[in-house]
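Asks: Please read through the structure below; I'll follow up with questions.
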Amino acid sequence: MRLPKFFPLASLAAVALGGCQATPTSLPMAEPDPAAECHWSITPGSLDLNDVATALEKRDFLIRDTDTDLGVVYAEHAERAIYHNADAIRPRVGIGIGVGRGVSVGSGVGVGFGGWGWGMDDATRIERVSVALSDSEVRVSRDIRLFDWNGDLREFRSASDANFCVALRQDMTPMNSSGSSVNNAGEAQ
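Rendered as structure tokens:
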């Protein structure tokens, strides 16, 4: 049996490309890293899951799940958004009816696919927050996802930034009987 002339070149390419595959050396990490303000210490008993849930609801989040054994509250906030540069083809359906002079009457149905329009499409922006509460610390994790009109994930990013975490921390600070807020060390401000 005689081998084709390109066989040595093809086998060399296969060996070269086969060496490009490697196993990862580390697990995936959230990027960017959560801000330092998204993790803080508390005095035992100064905060509970009800305070966390109330603070999230105050910021228009819907509580999706709470695990009292683990001390975790999971919430999300969804809103309509505009997704610029949508490349998905959205079907367009039209019905036409025509009436002419004389005896003829016509009708028709058309289905078309096109990307014409304003160059943007409806999307849904979902912001998800998890708050883990132990006796001595609080950890906040937040991400934002953008789904196009078809439900396909278009953007995803970690959003555990300092501004959000500081504002949430202030919302979680319990109020004492005089109406002033109490800091996490239990001192009136």
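For what it's worth, the numbering used here labels the leading residue of the sequence shown as -11, then goes sequentially. Using N, Cα and C, we set each Cβ at its ideal position, and we do this for glycine too.
1) On the DSSP bridge list, what partners appear for F144?
2) Any idea what DSSP makes of A52, helix, strand or coil?
3) Give the secondary structure of D110 by DSSP, where H, G and I count as helix, E and B as strand, and everything else as coil.
4) What is the DSSP secondary structure of L121, counted as helix, strand or coil?
5) Using 8 Å as the Cβ pair cut-off and three pairs as the minimum, do the region 51 to 65 and the region 30 to 37 touch?
6) Considering only residues of the same chain and omitting the five flanking positions on each side of S122, which have a CB-CB separation below 7 Å?
7) Of the residues D21, P20 and H27, which one's Cα is nearest the Cα of R127?
8) Out of S29, P32 and A69, point me to the one whose CA is closest to F135's CA.
9) To the nearest angstrom, how far is it from the Cα of Y62 to the Cα of T31?
10) L50 and E64 - do their beta-carbons sit closer together than 8 Å?
11) Determine the burial state of R130: buried for a count of at least 16 other Cβ atoms within 10 Å of its Cβ, exposed for fewer.
Replies: The short version:
1) Per DSSP, R133.
2) This sequence places Arg at residue 52; Ala is not what is there. In the three-state scheme derived from DSSP, where H, G and I count as helix and E and B as strand, R52 is classed as strand.
3) Correct three-state label for D110: strand.
4) Of the three classes helix, strand and coil, the one that applies to L121 here is strand, per DSSP.
5) Yes: the two stretches touch, three or more of their Cβ pairs being nearer than 8 Å.
6) Contacts found: G59.
7) Between R127 and the set D21, P20 and H27, the nearest pair of CA atoms involves H27.
8) If we check each option's Cα against that of F135, A69 comes out closest.
9) Each residue's Cα considered, the two are about 22 Å apart.
10) Their beta carbons are under 8 Å apart, which means E64 touches L50 by this criterion.
11) Classification for R130: buried.
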